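With the first letter of the sequence shown counted as 1, position 278 gets the number 293 in the working numbering; the numbers rise by one all the way through.
Since the structure comes first, as C-alpha cells, the remarks are kept for the end.
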Amino acid sequence: MYDKEFNEYKRGRRSCVCSGKISWNIHKVKKFIEDNGEILLSDKYINNKDQLLILCKSCNEKYEQSFDLYKRGFFHKKCSTKLYLNGKRIPTRKITYETRNCLQCKMDFSSPKKNRNQTCSPECRDKYKKGEGNAICSHNKMRYFCIECNGDGICWTCEERQIKKDVYCTRCHPNYIPNTIGSSKLSCNFIDLLELELGVKIQHIHYNTISKTIDGDEHRPIQWRKKAVDGFYEKNSTKIAIEFLGDIYHGHKKYWENDSLAKNYLGKLYTELYMETEKKMLRLKNIGYEVLYIWESDFKKYMREKTSTLMSYCHNFIDKLKCDNN
16 MYDKEFNEYK RGRRSCVCSG KISWNIHKVK KFIEDNGEIL LSDKYINNKD
66 QLLILCKSCN EKYEQSFDLY KRGFFHKKCS TKLYLNGKRI PTRKITYETR
116 NCLQCKMDFS SPKKNRNQTC SPECRDKYKK GEGNAICSHN KMRYFCIECN
166 GDGICWTCEE RQIKKDVYCT RCHPNYIPNT IGSSKLSCNF IDLLELELGV
216 KIQHIHYNTI SKTIDGDEHR PIQWRKKAVD GFYEKNSTKI AIEFLGDIYH
266 GHKKYWENDS LAKNYLGKLY TELYMETEKK MLRLKNIGYE VLYIWESDFK
316 KYMREKTSTL MSYCHNFIDK LKCDNN
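Structure below.
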C-alpha cells in the first residue's frame, strides 16, 4: 500500500512503513537514490519505461516502480512479480477492479477499488474526489484534467454508471438524494422556499438535512406516468407543475459556445438537451398543466442576492424556454 500524494500532474509515493519519500519523477531518480535509497539494478534500466527496484534505507522495503509519468503497473508486494488477471497481464494504463491473483505464489491481491480510499491521502480525495484506482484515463491523462472524455465518462465512485456532473453519476453525487431516480438537494431547497413564500402545500420530495431521510414523493401526470415533476400543486382548479432545471442536465445557453466540442454525459450537445427539455415542457402544457420553472443558476443568484422574491426569478412556460442570465 502506498500513501499517494497528488500535485496536479506530478505524483509522489511514500513508504508504507516509514513514510519515506519515493520519487516518481524520472528527473529526480538519481538524486533520490543518492539521498534515500540504493539502486538494485544497473543504470541502463533508468529510463521512462523500464522499472527500478529501490531499497528504502529507513525500513528495508523494496519497491518496484515504473517511472513512465502516464503508466504504472501493479506488483506483488512480497515476490515483486507482475500481477495477472484471468491469465493475462494487467495493462498498466487501464485498471480493472476484479480480484487479482499472483501467478507465482497464487496469493490474492486486494482490489484497488476496496483499498484506494484507505491508501489515498485526504488531500487527494478532497481535490480529485477519487482514490488510487482510475487516476489515468484512456487518453493517458489525469482524469481530473482530461477534457476529451471527462474521465472516460464513468462515475469515479461506482465506476458503473455514466458521469452526469463533476465526476459522479446521479446516485453517487454528494448533492443528490439517494432515491431511485436521484433528486437534487438544490431542487428540494428551492421548492421548500417557494412553499413558504406562496403559502401553499407543494407535492415534492423533501430532504431532511438532519436525519438524511426522504419525505414525500413526486407527482406523476395520469397522461404521462413516466414523467415525474419536481413539484406540483393546484390553485383554483389549475394544475401547476414546477420544474427545477439544472444548467448542465437541461442545456442552459451559457454552455452553447463551442457546443460541438463540449459534449455532456449523454454524448449529446447542450443545444439538444435544451430542445428536449423544451419539448417536455410543451407536452406538460398540452396535457393541461401550467408550468413554472427556474434555472439552477437563477436560483443560486437568488440565494446570493435575496433582493426580491423567489417568484421573480421563476418563469411561466408558454412555448419557449428563457435564459435571462445568458
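For every residue, glycine included, the Cβ atom is placed at its ideal position computed from N, Cα and C.
Note that this is a predicted model, so its numbers are computed, not measured.
For residue i, does the three-state DSSP call read helix, strand or coil?
i	result
GLU249	strand
LYS337	coil
LYS242	coil
ASN194	The pLDDT assigned to ASN194 is 45, lower than 50, so where the model puts this residue is not dependable; a value taken from the coordinates is nonetheless given after this. Three-state result, ASN194: coil.
PHE259	strand
SER199	strand
LYS254	strand
ASP274	coil
ASP230	strand
Do residue i and residue j have their C-beta atoms within less than 8 Å of each other?
i	j	result
GLU233	ILE217	no
LYS254	TYR304	yes
ASP313	TYR328	yes
LEU299	LEU209	no
PHE259	LEU201	yes
TYR308	MET296	yes
Quick check on the burial criterion: 16 or more other C-beta atoms within 10 angstroms. Buried or exposed for residue i?
i	result
ASN22	Because the pLDDT at ASN22 is just 31, under 50, the model does not fix this residue reliably, and the value given afterwards should be weighed accordingly. Result: exposed.
THR195	Any reading at THR195 needs caution, since the residue's pLDDT is 42, under 50, leaving its predicted position unreliable; the model's value is listed next. Label assigned to THR195: exposed.
ASP245	buried
ILE257	buried
VAL215	exposed
THR206	Note on identity: in this sequence residue 206 is Ile, with Thr being the wrong assignment. When all chains shown are included, ILE206 counts as buried.
THR292	buried
LEU336	buried
ILE333	exposed
GLU311	buried
GLY231	exposed
By the DSSP assignment, the beta strand (DSSP E) with residue i in it spans what residues?
i	result
TYR308	304-310
TYR222	221-223
What residue does the alpha helix (DSSP H) around residue i start on, and which one ends it?
i	result
TYR285	285-301
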